[in-house]
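Chains as they are written, first to last, in this note's numbering: chain A, 5 to 325; chain B, 10 to 267.
Beta carbons are placed, not taken as given, at the ideal position from N, Cα and C, and that holds for glycine.
These numbers come from a predicted model, not from an experiment.
Presented below is the structure to which this report refers.
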């Protein structure tokens with residue numbers, strides 16, 4: 005469900021909307037702008053466009069009321085990024101036109117833009133790995149914690165603890181039960197990504213296989229946290245806030261839905277040490293950069309360290325009642 | 010018990026929870042092949058004592074040996090030597106009785122014949138039922154059935170007949186006597202004195218965490234009579250329970266789930 009909603013975002017996030025009143029949509033500047041794919045021309049009366057600009061819904065408003073030779077671009081701090089994009093696009097167009105009018109064929113500084121062959125990075129490429137991390141953390145922590153707490157409350161766990169069953173056996177059982185779910189949800193997410201949003205696997209089946217292997221590694225690592233919550237919480241009511249405390253911040257900051265780079269630089273080093281950050285980074289290395297598991301040793305070590313911490317703490321704190 | 014081997018030895022056991030004392034420095038021994046009863050009102054500390062011996066809880070102090078093994082240091086070994094019926098226990102709600110018995114076979118690392126186990130406890134026709142759907146008596150019988158899966162020599166039963174109708178109780182007494190005849194040592198808790206008198210070789214009376222008396226039911230009664238105790242009314246040769254069982258029969262009822 006999430007993937008369907010978030011997948012819709014990607015398409016127009018890079019567009020710059022520039023408002024030009026309908027009666028002023030002429031002249032070379034207008035023509036050059038309308039020929040740029042990333043520019044979205046919005047018509048309307050001057051007043052309407054002004055309103056939209058101050059609300060941050062337009063990147064800029066271009067008026068040629070003083071003649072097409074003296075266009076005026078209005079920008080607003082309501083949306084600073086868009087404003088900067090609008091002014092650089094419009095001034096680029098104007099510069100180019102000036103050169104043409106001045107008949108300069110060979111400007112002293114000439115920028116060559118060459119496109120390096122590569123995959124176009126789209127929103128789905130960022131989003132899909134995050135989605136896998138989101139689903140994995142939910143399953144591993146929330147399902148495990150609530151599943152075990154149910155067994156605890158119904159005293160099933162107590163009866164099992166009266167048998168010579170090692171904690172490891174129960175852990176293994178929980179892991180196996182979640183394994184099927186985790187593999188299935190990774191496959192479904194990839195499938196929806198491919199069918200609905202043209203997500204592509206860099207190395208085909210090999211990439212998919214690596215994604216599944218990484219999902220299993222992530223599961224083993226995150227299961228310890230689920231176990232920890234199940235161990236210290238007495239019932240669902242105490243488990244819910246603890247589970248949220250562990251999962252929600254990670255969904256928000258660990259590069260799940262928003263890139264870590266978008267965070268203030270001083271928190272980035274801390275955030276990068278979160279278990280889900282290691283997982284998301286590793287997953288993106290596979291899906292976006294086409295790396296293989298042996299090229300992400302740092303992330304795998306990070307996951308392993310978290311797993312060891314979680315298992316040690318949960319084995320110390322686990323209570324069957 | 011004088012000439013038998015001691016299989017359970019409890020020395021100065023105490024268990025305190027923060028500010029309350031659940032078990033207050035008790036000692037007793039259980040001999041091989043005995044049925045030993047822990048008697049007492051609710052909250053006397055019977056269940057806590059049992060769960061400590063079953064290695065489910067840690068004692069605050071004291072030394073306990075089961076089959077010659079210290080319960081603190083050999084809990085895993087002890088768990089595989091004892092059969093445990095808990096006063097309150099649950100079983101996976103989405104497994105049938107047969108599946109549950111197979112699972113317990115796996116947990117105890119033994120092969121089980123689920124049908125044979127269910128037959129012994131008159132539960133064969135319930136093999137495809139879920140535990141939750143059983144009646145109180147059936148639940149208790151199934152719970153006791155799980156104690157025998159690995160054929161242990163020592164069995165713990167925590168209030169096995171609480172809440173059962175007279176037929177179901179009499180039926181469980183028969184099962185307990187049968188387990189006893191097979192040479193097993195049985196430790197049970199109850200607050201039904203008639204049950205203790207019927208089943209137990211020796212009893213310990215607990216109150217407020219302390220054992221106040223240990224002995225055979227016969228000796229304890231004689232001791233009380235010797236002290237000059239006399240019932241207000243001469244006891245009749247039969248009780249109302251005998252009348253009830255005489256009228257309704259001793260056979261188990263097709264109990265509907267409660």
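Kindly indicate which residue of the options has the alpha-carbon position closest to the one of residue i.
i: residue 164 of chain A; options: B:58, B:42, B:63 and B:197; result: B:63
i: residue 18 of chain B; options: B:73, B:175, B:205 and B:48; result: B:73
i: residue 141 of chain A; options: A:247, A:87, A:274 and A:294; result: A:247
i: residue 77 of chain A; options: A:288, A:68, A:83 and A:85; result: A:68
i: residue 249 of chain A; options: A:239, A:229, A:265 and A:238; result: A:229
i: residue 252 of chain A; options: A:145, A:198 and A:314; result: A:145
i: residue 180 of chain B; options: B:54, B:245, B:260 and B:111; result: B:260
i: residue 71 of chain A; options: A:33, A:314 and A:86; result: A:33
i: residue 160 of chain B; options: B:65, B:33 and B:113; result: B:113
i: residue 19 of chain A; options: A:27, A:44 and A:30; result: A:44
i: residue 73 of chain A; options: A:102, A:51, A:138 and A:317; result: A:102
i: residue 81 of chain A; options: A:89, A:58, A:98 and A:97; result: A:58
i: residue 219 of chain B; options: B:50, B:45 and B:15; result: B:50
i: residue 53 of chain B; options: B:169, B:28 and B:198; result: B:198
i: residue 287 of chain A; options: A:170, A:205 and A:175; result: A:205
i: residue 28 of chain B; options: B:209, B:96 and B:69; result: B:69
i: residue 143 of chain A; options: A:171, A:180, A:117 and A:157; result: A:180
i: residue 220 of chain A; options: A:311, A:299 and A:292; result: A:311
i: residue 217 of chain B; options: B:21, B:15, B:20 and B:30; result: B:30
i: residue 285 of chain A; options: A:79, A:137, A:54 and A:316; result: A:137
i: residue 177 of chain A; options: A:227, A:209 and A:192; result: A:227
i: residue 29 of chain A; options: A:267, A:54, A:75 and A:158; result: A:75
Within the same chain, show all residues whose beta-carbon is closer than 8 Å to that of residue i, passing over the 5 residues directly before and after it, in chain order.
i: residue 321 of chain A; result: 232, 235 and 236
i: residue 13 of chain B; result: 40, 41, 42 and 43
i: residue 14 of chain A; result: Per-residue confidence for residue 14 of chain A stands at a pLDDT of 44, beneath the threshold of 50, marking its modelled position as unreliable; the derived number appears in the next sentence. These residues qualify, in order along the chain: 126, 127, 128, 131 and 201.
i: residue 100 of chain A; result: 36
i: residue 285 of chain B; result: This structure gives no information on residue 285 of chain B, because the portion of chain B shown stretches from 10 to 267.
i: residue 273 of chain B; result: Nothing in the structure corresponds to residue 273 of chain B, since chain B is present only between 10 and 267.
i: residue 103 of chain B; result: 139
i: residue 111 of chain A; result: 103
i: residue 166 of chain B; result: 94, 153, 156, 185, 195, 196, 197 and 198
i: residue 33 of chain B; result: 23, 54, 217, 218 and 219
i: residue 182 of chain B; result: 170, 204, 207 and 208
i: residue 171 of chain A; result: 319 and 322
Assuming residue i and residue j form a contact by the criterion Cβ under 8 Å, report the distance between their Cβ atoms to the nearest whole angstrom.
i: residue 160 of chain A; j: residue 26 of chain B; result: That pair is no contact at about 24 Å.
i: residue 56 of chain B; j: residue 35 of chain B; result: Going by Cβ atoms, the distance from residue 56 of chain B to residue 35 of chain B rounds to 14 Å, so no, they are not a contact pair.
i: residue 48 of chain A; j: residue 25 of chain A; result: 7 Å
i: residue 177 of chain B; j: residue 146 of chain B; result: 3 Å
i: residue 98 of chain B; j: residue 162 of chain A; result: 6 Å
i: residue 296 of chain A; j: residue 222 of chain A; result: Contact flag wrong, Cβ pair sits at about 16 Å.
i: residue 158 of chain B; j: residue 91 of chain B; result: Wrong, their Cβ atoms sit about 12 Å apart, outside the cutoff.
i: residue 93 of chain B; j: residue 166 of chain A; result: 4 Å
i: residue 149 of chain A; j: residue 238 of chain A; result: Contact flag wrong, Cβ pair sits at about 12 Å.
i: residue 168 of chain A; j: residue 88 of chain B; result: 4 Å
Excluding five sequence neighbours on each side, which residues of the same chain lie with their C-beta closer than 6 Å to the C-beta of residue i?
i: residue 140 of chain B; result: 100
i: residue 152 of chain A; result: 234
i: residue 306 of chain A; result: 282
i: residue 139 of chain A; result: 189
i: residue 50 of chain A; result: 25
i: residue 262 of chain B; result: 176
i: residue 243 of chain B; result: none
i: residue 222 of chain B; result: 214
Which same chain residues, not among the five before or five after residue i, have their C-beta less than 7 Å away from its C-beta?
i: residue 258 of chain B; result: none
i: residue 290 of chain A; result: 211, 214, 215 and 218
i: residue 17 of chain A; result: Below a pLDDT of 50, predicted positions are generally treated as unreliable, and residue 17 of chain A, at 48, falls in that range; the measurement from the model is reported next regardless. Excluding sequence neighbours, residue 17 of chain A sits near 127.
i: residue 11 of chain A; result: Since pLDDT at residue 11 of chain A reaches only 48, below the 50 mark, its modelled position is unreliable, and the value read off the structure follows with that caveat. Cβ within range, chain order: 128, 131, 200 and 201.
i: residue 133 of chain A; result: 284, 287, 288 and 291
i: residue 267 of chain B; result: Legend: pLDDT at residue 267 of chain B = 47, less than 50; position of this residue unreliable, no value from coordinates given.
Would you say the beta carbon of residue i comes nearer than 7 Å to a heavy atom of the ligand ZN?
i: residue 176 of chain B; result: This structure does not include the ligand ZN; it has no bound ligands of any sort.
Could you run through the region 155 to 178 of chain A and flag, in chain order, every residue whose CB is less than 9 Å away from some CB of chain B?
Residues of the region 155 to 178 of chain A whose Cβ lies closer than 9 Å to any Cβ of chain B, in chain order: 155, 157, 158, 159, 160, 161, 162, 163, 164, 165, 166, 167, 168, 169, 170 and 173.
What residues in the region 95 to 127 of chain B bring their beta carbon closer than 8 Å to a beta carbon of chain A?
So the close ones are 95, 97, 98, 99, 100, 101, 102, 113, 116, 117 and 118.
Three-pair Cβ contact test at 8 Å for the region 141 to 157 of chain B versus the region 226 to 246 of chain B:
With the cut-off at 8 Å, the region 141 to 157 of chain B and the region 226 to 246 of chain B do not touch.
Beta carbons nearer than 7 Å to chain A: which residues of the region 40 to 70 of chain B have them?
Listed by position along the chain: 63 and 65.
Pairing CB atoms from the region 253 to 268 of chain A with CB atoms from the region 215 to 223 of chain A, are three or more of them under 8 Å?
With a cut-off of 8 Å, the region 215 to 223 of chain A and the region 253 to 268 of chain A do not count as touching, because too few Cβ pairs lie within range.
Count the C-beta pairs between the region 192 to 207 of chain B and the region 115 to 122 of chain B that are closer than 8 Å, then say yes if the count reaches three, no if not.
No, they do not touch.
Given a limit of 7 Å on CB to CB distance, which residues of the region 174 to 197 of chain B reach chain A?
So the list is empty, because no residue satisfies the distance condition.
Would you call the region 80 to 94 of chain B and the region 122 to 129 of chain B in contact, with 3 or more CB pairs under 8 Å?
Note that the region 80 to 94 of chain B does not touch the region 122 to 129 of chain B; fewer than 3 beta-carbon pairs, one per stretch, sit closer than 8 Å.
Pairing CB atoms from the region 49 to 66 of chain A with CB atoms from the region 82 to 101 of chain A, are three or more of them under 8 Å?
Flag = yes, the region 49 to 66 of chain A and the region 82 to 101 of chain A touch.
Count the CB pairs spanning the region 180 to 199 of chain A and the region 263 to 272 of chain A that are closer than 8 Å, and state whether there are at least three.
Flag = no, the region 180 to 199 of chain A and the region 263 to 272 of chain A do not touch.
Please name the residues in the region 125 to 150 of chain B whose beta-carbon is closer than 7 Å to at least one beta-carbon of chain A, in chain order.
Sequence-ordered contacts of the region 125 to 150 of chain B with chain A are nonexistent [C-beta pairs closer than 7 Å].
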